[in-house]
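Remarks on the structure that follows.
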Amino acid sequence: MSIKRFFKRNRRDEELAREIEAYIELEAEENRSRGLSPAESIRRARVKFGSPRRVREDEWEHNTLKLFDSAFRDIRYAVRTLLRTPGFTVAAVVVMALGIGANTALFTVVRSVLLKPLPFKDPDRLIQLYEQSPGGKRMYSWVAPGMYAAWKQQAPSVEEMAIYGTDSISLSGDGGPLPERIRYAECSWNLFSMLGVQPMLGRSFVEADDRPDAAGTVVLTHSLWMRRYAGDKAILGKTILLDARPYTVVGVLPAWFNYPDLPTQLWAAIYHEKGPEQMRQVDNHNFLVVARLKPGATIAQAQSEVDTAEKRVHMANPTNPSVGSAANARTLLDGLVHDAKTQLYILLGATSCVLLIACLNVANLLVARSASRRKETSIRAALGGSRWRLLREQVTESLVLAAAGGAFGLPLAWAGVRWMVQARPDMARMNAVHLDVGSIAFGLGIMAGSGVLAGLIPAASLLRSPLLEPLQESSRSSSAGRGRARMRKLLLTLEVGLTVVLLIGAGLLLKSYQHLRSSDIGCPTQNVLTMRFSLPSARYDTSAKVDAFYEELVPRLRALPGVKAAGIATTLPGQGYGGDSRFTIPEHPSSTPGAVDDAIVRGVDPGYFSAIQIPLKRGRYFEARERQDKALSVIVSASFARHYFPGEDPIGKHVKALDFQGVPPQGFEVVGVVGNTLWGLTEEETPTLYFPIYSGGWPAASIAVRSDIDAASLAVPVEKLLAKLDPDLPVENVLTMEQSIGKSTLDASFTSALVLAFAVIALVLAAVGLYGVLSYLVTQRTGEIGVRIALGAQRNGVLKLMLLDGLRPAGAGLIVGLVAGVLGVRWIGSMLYGIKPLDLSVFVEVTVVLSLVAALACALPAWRASRLDPMTALRLE
Amino acid sequence: MGGKKQVKAEMVQGTMDMLILRTLVMGPAHGHTIAHVIEHTSENVLEVEQGSLYPALHRLEDRGWLSSYWGASENNRKAKFYKLTAAGRRQLVAEANRWQQMVEAIGRVMGESLS
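So the sequences go chain by chain: F and E.
Per this note's numbering, residue 110 is the first one in the first sequence, and the count goes up by one each step.
Per this note's numbering, residue -9 is the first one in the second sequence, and the count goes up by one each step.
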C-alpha cells in the first residue's frame, strides 16, 4: 500500500493541489455572496486555509517511504562524491570488477564441474570401484576384468555393476567418409540401463549383444552421429566397420550424454569385443567399474565387500604379483572430476584472495577519504546527523562502487567462463559449464558482500570514536587521524599477508611447472615430429604384412627431404605407459618359486635409438637381420640393468618375457643397455625392455622424425607418405614431441599461469595500497615534518622515518603471509612436482620481491616528505 | 473566517476521523463542506484545521473507509467529493460506540468529584 503510494506521490500531490484550489474557490465564492469584494474574498479564503504548501508538504512526507527516499538521496550523493575523484573511482571499480568477475567465473566452473550431480538416475547411489595398484602406489587404479567378475558375485550391497574400458579404433565403412581413428569405449551391456540413460534413437545393448558369439553391435554418441552421419536416422540397422570388422548400429545416445569424456564417440559390447579368456584375466588392469548401490547401502559397505573379494582372488593367485590385493571405492562424481578438484579449488582460493585484497584496498581508500572528511562528519554530527545516517552514507558509497564493479564483473565472468571452457576441453564435465542464474545470483551476492565489507571497515571507526572530537582538535595537532592511520596499517598488513600467500602459491606452482618442463625425458625433444597410427588387424592379419609395412615406411621416411633421422616405436618417451610384460631371468632363479617381475615393453626398429638419440650405454643396437623368428635379443634400460643385474654385466644374460607368444625357451638375450626414458613426465622412471619391432605382433606404432628445421613443417610430407602406402590408414596425434609432452603438463601450466596472474594483480594492489597509505601519512604529518626540519632534522632522517613508517606494515604483512604460507602450502602439495611445498628458495624469492616492491612503493612518498620546504609546510595550515 | 471563538477548542486526539465519517453519513461532500458542517454543527466550537483535514481525508480513503470522485459542486465548480463506504459506516458505528463509552466514563468520574 505505502509503496504504491510512494510511487504515485507525484500524482497525488497534483490532485491535492487541485483539491486545495477548489476549496479556496468555494470559500471565496461564499465570501463574495456575503458581499465582500472579489479580491478580499480570495484573500480571506487564503487566510482561512493557511499555507497550501505546508499541507502539501505534510501529505508528501506522509506518502514517502523514509528509507527509500533517503536511500535514493544517499546513492545520488555517493555517485556525486565518487565522480568528483574519477581516478580513485576507476581504480576501485576495475579492482572490484576483476575480483567479482574472476570469483563468479571460478564459482560457476566449480559448481558445474564439482558440485552439480551427474545427469543420471539417482546419481547419489552411483559409485566407482577401483583396484589399488599392486604395490599400493595408486589408490584408485584400473580394474582387471576377472576381478570385476569376482566383485560382481561377492558384493551384496551393490544392486548392479558394470565395466567399461576405452581404446582407439579405426572407423570406416559404407563408402562413407574417409576412415578415421576414434576413441571408443567397450562396456558391459547393462551400463546404460544402470545409469538410467535412454538412447535417443533405437536401443542400447541387451544381454544377447554382450557375448563372444553375438553379432557386432555399436551405439553411437550423438556427436559422432551428427558429425559423421549428418544426423541421418537411417543409420539404425546399417553396418559400419571397426578395424575392418562389421558392426550393426543399434542406437544413438542423447546429446547430453558425454560420459566418461567428450572424445569417446562410440560404444561396443565388451564381452563381444574381448574373448572369454581375456575377460577372465585378473592381472590385466585396463578397465573401470561403476556400480549402483542398493537403496540404503553405503560406499563403505561396498568397498569392504569388493576389498574382501579382491583379497580372495589375490590369495588364489599367490604366484602372480600383478594381481591386486586391495580395492577402493568413491562416488562416481568424485571419480570423474577428481583430477580437476585440486586445481579448481586452488584457483578459487586465489581468486578469493584477490577479491579480499580488492575489498581491503577499496576499504583502505575509503578510510583515507573519510579521514579527510573528518571535520565535515563532525560538523554534521554536531548539527544532528545520526551515526546511523553517517554510517549508511559510507556503506552506500562502497556499495555503489561494488555495484559498478559487478556491472563490469559479471560480463567479465561470462567471458572468463567461456575462456576456461575453451582452454580446458580436457577437464571432465567442462563442456556443460555456462553462466546461469545461480552463478549470477552468486556474483550479485559477493558484490553486495564485498560492498558492505569495504564500507563497514572504514565505518567501524565512525561507530567507535567520539564523533565530535575532531572539532576540539587544534588544526595543527599532529596526532590527527592517528586512529585512522592505525586502521589503514592494519588493513595493509592483511593485504600484504594475502599477497604473500598468493605469491608463495604462484611461486611454488611455477617452479614445479618449470621442473616438469625441464625434467629430462631421456632424449632431446626439440625439432622432433611424432604421429601415431595403428594397422587394422583385418587387413594386416599376419605379422609378415605388418613388418612389410614398417619396412616399406622407415627407409622412405629417412629419405624425405628435411628429415635428419627417423624411427618407429610402439610408444615414444613421454607418450604413456604403453604396455608391460611379466618376465623372469633364467640366470637369477628366484628364491620364491613362480615369483615374477614386471617391466614396460617397447618394440622399436633398429635405427630408433640413434634417431631419437637415446644413448647406448653398453653393447649394441638391434640389427636389421633380427626379425620374425630370428629376433632373439632384447635391449634393456639402464635402470633395468641396475635393478635386475646389480653389479654384473647384463650383456649375454637372458630375459624371459612371459606374455609373448613363442618365447624363445632360453629367453631373449640381452645385447645392449640404453639410457633411461620417462613414459610420463610426472611419472617415475620404470625399468624398460626393448624388442625388435620386426619380431611381429606390434600392429600400432608411433613415428618420430628428427629434423634440423621446424619439425612441424614435416607433418604434411609424412602424412602424404603414409597415405601413399595405405590410403585407408588413419593417423592421429600429429604433434611435435614438445607439444605431445606439453599436453601432459597442461594442468600444471594452466594453474601456475593463472595463479601467477592473480598473484601479480595482488602485488600491484598491495603496492598501490602501500603507496596510498604512506602518501596519506605524509600529507597528514606535513606540519609535523615541517617543524622537525625547521628545528634541524636531517632530511635523511626524515626519509628514514617515513620509509620505516610505510615498511612496518609491509614487514608485518610479510611475516603474517609467510606464516600463513607455511601453514597453507600443504593444500597444493599434490599439485607440486619435483619440489617440496616448503621450498626455501620460493619463500626467499617471495620475500625479496615483496620487500623490493614495498620499498619502491614507499620510496616516493618518503622522498617527497624529506624534500618538504619547512616554510611552505608550516604556512600550509 | 473570523467569528467569535468562545473556546479555543483543540480537536480531541483521534476524533477528527470520527467527525469526518459522521458528517458524511448525510451524503457525499467535498472538503470545504465537511469543514463547514463540522464547524457549524459544533457552533463554531470546533475549528477544523485545513492542515489536518486533507491528510485525514486521504488517510481514511487509504484505509478504504471513504471513496472519492471528482464532481461538480453546488455552484458548478469542480471539486473532489468524498463518500462513505460500507466499511466506513461500520467503522463509524464502532467509533461512535467507543466515544459514547468514553464520554460516559469521563462523565461518571467528573460527576462524582464535583458533587
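Glycine included, C-beta positions come from ideal geometry on N, C-alpha and C.
- Annotation for A294 of chain F: the continuous beta strand (DSSP E) segment containing it runs E289 to C296.
- Annotated as distal: L625 of chain F and T440 of chain F, with beta-carbon spacing of 9 Å or more.
- A direct Cα-Cα distance of roughly 11 Å separates H381 of chain F from F314 of chain F.
- When secondary structure is reduced to three states using DSSP, I677 of chain F falls in the strand class.
- With respect to the 9 Å criterion, G676 of chain F and G210 of chain F are not classified as neighbours on the basis of their beta carbons.
- T31 of chain E and F115 of chain F have their C-alpha atoms some 36 Å from each other.
- W60 of chain E is classed as exposed because its beta carbon has fewer than 16 other beta carbons within 10 Å across all chains shown.
- Assigned with DSSP and collapsed to three states, W365 of chain F falls in coil, not helix or strand.
- Within 10 angstroms of the beta-carbon of D817 of chain F lie fewer than 16 other beta-carbons, which makes it exposed.
- Here the region 331 to 340 of chain F makes no contact with the region 396 to 404 of chain F; the two share fewer than three CB pairs at distances below 8 Å.
- Against chain E, the beta carbon of R163 of chain F has neighbours under 7 Å at G41, listed in chain order.
- Buried is the label assigned to M536 of chain F, since at least 16 other Cβ atoms lie within 10 Å of its Cβ.
- Sixteen is the threshold: since fewer than 16 other Cβ atoms of the shown chains lie within 10 Å of the Cβ of F181 of chain F, the residue is exposed.
- When secondary structure is reduced to three states using DSSP, T440 of chain F falls in the strand class.
- By the CB criterion at 9 Å, R121 of chain F and H22 of chain E fall outside the cutoff.
- By the criterion of at least three beta-carbon pairs nearer than 8 Å, the region 603 to 612 of chain F is in contact with the region 459 to 476 of chain F.
- In this structure, the beta-carbon distance from G784 of chain F to C632 of chain F falls below 9 Å.
- DSSP places P801 of chain F within a strand segment (E or B) once states are collapsed to three.
- By the C-beta density criterion, K342 of chain F is exposed, having fewer than 16 other C-beta atoms within 10 angstroms.
- Of the candidates F:I802, F:S302, F:H543 and F:G915, F:G915 places its Cα closest to the Cα of R595 of chain F.
- DSSP, read as helix, strand or coil, puts E778 of chain F in strand.
- For K673 of chain F, the CB contacts under 7 Å within the same chain, skipping 5 residues up- and downstream, are R815, S816 and D817 in chain order.
- Assignment of beta-bridge partners to D706 of chain F by DSSP yields F:F692.
- Residues of chain E whose Cβ lies closer than 9 Å to the Cβ of L145 of chain F do not exist, since the nearest Cβ in that chain is about 11 Å away.
- At a cut-off of 9 Å between beta carbons, E138 of chain F contacts chain E.
- Buried is the label assigned to A563 of chain F, since at least 16 other Cβ atoms lie within 10 Å of its Cβ.
- Judged by their CB atoms, A708 of chain F and T797 of chain F are nearer to each other than the 9 Å cut-off.
- Contiguous beta strand (DSSP E) elements confined to the region 256 to 285 of chain F occur at 267 to 281, taking only those with 3 or more residues.
- The beta-carbon distance between E240 of chain F and V252 of chain F, rounded to whole angstroms, is 5 Å. This is short enough to meet the 8 Å contact definition.
- Between H30 of chain E and chain F, the shortest Cβ-Cβ separation is not below 9 Å.
- Any Cβ of chain E closer than 9 Å to the Cβ of F158 of chain F would place that residue at the interface, and such an atom is present.
- Excluding residues up to 5 positions away in sequence, L453, V526, M529 and V542 lie with their Cβ nearer than 7 Å to the Cβ of V218 of chain F in the same chain.
- Residue pairing for S643 of chain F: DSSP places it in a beta bridge opposite F:A809.
- DSSP places V827 of chain F in the uninterrupted alpha helix (DSSP H) bounded by A824 to L834.
- Scanning F:T373, F:D352 and F:T330 for the CA closest to the CA of G360 of chain F turns up F:T330.
- From the listed residues F:I555, F:S643 and F:R155, the smallest Cα separation to Y132 of chain F is found for F:R155.
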